[in-house]
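Contents: one structure, followed by commentary.
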């Protein structure tokens, strides 16, 4: 978390110095036009400018220490505006105290009596103070809001970047821990019942984990590699669901060398199992089809499961599948697509289309 | 104590049965793979205790219990940490 309060920085000192110097010059010029004593008025104006410098610097310290800059913009502006008369009054008092010095410099009777007779000048000073400090506050607030906005913008970029990175990490999902947990539970019961099958299951579990570890750094893998991983996964799910799940696959041999993002087919199959088998009593058939579209040479993967596309499925798969679609299109461009539908009642179908050729990611070589 | 096991996974029921061998006071008299079978067992066997899986296809353990007028002591079994 960055500090909300801006540190006293160079811009402030430059503006503060230049601003009050300009103030001194303006006072001198106006006095020069009306009175004619340049040197004397300039020295006096410098003293008053220094007073203003100090006053606003103390005010800034007050604003910072009270944490006004953390307030909502509306209440910050109200407070700053309310402070203007106070600052003007203080500056007028300083002006009054300094007046004998100025009178001495320009050769007027330097007594308070004389000055009191010209009380109206002090009133003018007070009103001029509104302009001076109003200007100061506007510049200060302007800078503050500008910086605030830049910071907010930077923050939102940072957030968006973190979000997309997190989303990518989630997509490059490792093996679902729930699956692992369930598989191990089934396996425990299987050890007594069928040791040979249990050993086989442990081997599948090991190759699933090896695949998950090795795909971590690769943007794409051959479809055939992913498919054999998914079949291992399904064999383990079959241990658990037994005759409630049956798996069918029809795969064109040409599809096996095509590149797809790792865990893409896995996401589709896991969704089909999760919603098809876990939510419908009775037996569920899961089918995997893969072919090459002769028209546009895209790889077409379809995963069907018997069941219905209910609201919950379209919502939660919505996110998972939308992420998968975004990732696909990030890697392969707009030619890639992913659709979910229940065109035939009782059959939920997810279809993925992956264009042929190199993915858009740089340095992608067909993984072996 | 007459006990029934309700779980959609055969291996899970088997494992539970194995674990219950250590408790001779628990006598497993029946197994059900879904809510429908469980209802039949309840009316036929009148068990004192029921091990019930929360996450079952179709009718969940909670839905099933909600529809019962009278039920034995229930121990929920689940692999899902969200119900813990």
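Chains as they are written, first to last, in the numbering used here: chain R, 36 to 403; chain V, 8 to 91. Note that CB positions come from ideal geometry on N, CA and C, so glycine has one too. All of these numbers come straight from a predicted model, not from anything done at the bench.
| Item | Value |
| --- | --- |
| With 8 Å as the threshold, decide whether the Cβ of residue 275 (chain R) is near any Cβ in chain V. | yes |
| Under a three-way DSSP split, which group does residue 37 (chain V) fall into? | strand |
| Which same chain residues end up closer than 8 Å to residue 61 (chain V) when comparing Cβ atoms and leaving out the 5 residues on each side of it in sequence? | 67, 68, 69, 83, 84, 85, 87, 90 |
| If you scan the region 175 to 241 of chain R from start to end, which runs of the alpha helix (DSSP H) of 4 or more residues do you find wholly inside it? | 212 to 228 |
| Can you tell me whether residue 75 (chain R) is buried or exposed? The criterion is at least 16 other CB atoms within 10 Å of its CB, across all chains shown. | buried |
| Can you tell me the Cα-Cα spacing of residue 66 (chain R) and residue 77 (chain R), whole angstroms? | 9 Å |
| Taking 8 Å as the CB-CB cut-off, is residue 21 (chain V) touching chain R? | yes |
| The region 13 to 41 of chain V: which residues have C-beta closer than 8 Å to a C-beta of chain R, in chain order? | 15, 16, 17, 18, 19, 21, 22, 25, 41 |
| Using a Cβ cut-off of 8 Å (strictly closer), state whether residue 64 (chain V) contacts chain R. | yes |
| Just to confirm, are residue 72 (chain V) and residue 11 (chain V) a CB contact at a threshold of 8 Å? | no |
| If contacts are defined as beta-carbon pairs under 8 Å, then residue 236 (chain R) and residue 225 (chain R) qualify, I think. What distance do you get, rounded to the angstrom? | 6 Å |
| Rounded to the nearest angstrom, what separates residue 405 (chain R) and residue 165 (chain R) at their Cα positions? | Chain R is shown only over 36 to 403; residue 405 (chain R) falls outside these bounds and no answer can be derived. |
| How long is the line joining the alpha carbons of residue 39 (chain V) and residue 50 (chain V), rounded to whole angstroms? | 13 Å |
| Please state the DSSP three-state secondary structure of residue 254 (chain R). | coil |
| Any Cβ of chain V within less than 8 Å of the Cβ of residue 236 (chain R)? | no |
| Suppose you measure from the CA of residue 83 (chain R) to the CA of residue 51 (chain R); what does that come to, to the nearest Å? | 14 Å |
| Output yes if chain V places a C-beta closer than 8 Å to the C-beta of residue 48 (chain R); else output no. | no |
| Using a C-beta cutoff of 8 Å, does residue 221 (chain R) count as contacting chain V? | yes |
| Would you mind sorting residue 318 (chain R) into buried or exposed? The rule is 16 or more other CB atoms within 10 Å of its CB. | exposed |
| Hey, how far is the Cα of residue 109 (chain R) from the Cα of residue 175 (chain R)? | 15 Å |
| Using 8 Å as the Cβ pair cut-off and three pairs as the minimum, do the region 8 to 24 of chain V and the region 262 to 281 of chain R touch? | yes |
| Using the Cα positions of residue 132 (chain R) and residue 45 (chain R), report the straight-line distance between them to the nearest angstrom. | 32 Å |
| Rounded to whole angstroms, what is the Cα-Cα separation between residue 230 (chain R) and residue 218 (chain R)? | 15 Å |
| On the premise that residue 326 (chain R) lies in contact with residue 294 (chain R), defined as a C-beta separation below 8 Å, what is that separation, rounded to the nearest angstrom? | So it is not a contact: roughly 16 Å between Cβ atoms. |
| Report yes or no: is there a C-beta of chain V within less than 8 Å of the C-beta of residue 232 (chain R)? | no |
| Nearest chain V C-beta to residue 341 (chain R) closer than 8 Å, yes or no? | no |
| Are the CB atoms of residue 285 (chain R) and residue 324 (chain R) nearer to each other than 8 Å? | yes |
| Of all the options R:330, R:90, R:253, R:329, which has the alpha carbon lying nearest to the alpha carbon of residue 125 (chain R)? | R:90 |
| Measure from the alpha carbon of residue 271 (chain R) to the alpha carbon of each residue in R:304, R:299, R:296, R:290, then state which is nearest. | R:304 |
| For residue 84 (chain V), name the three-state secondary structure that DSSP assigns. | strand |
| Kindly list, in the order they appear in chain V, the residues whose Cβ is closer than 7 Å to that of residue 225 (chain R). | 18 |
| On the DSSP bridge assignment, give the partners of residue 283 (chain R) in chain order. | R:322 |
| Should residue 336 (chain R) go down as buried or exposed, given a rule of 16 or more other Cβ atoms within 10 Å for buried? | buried |
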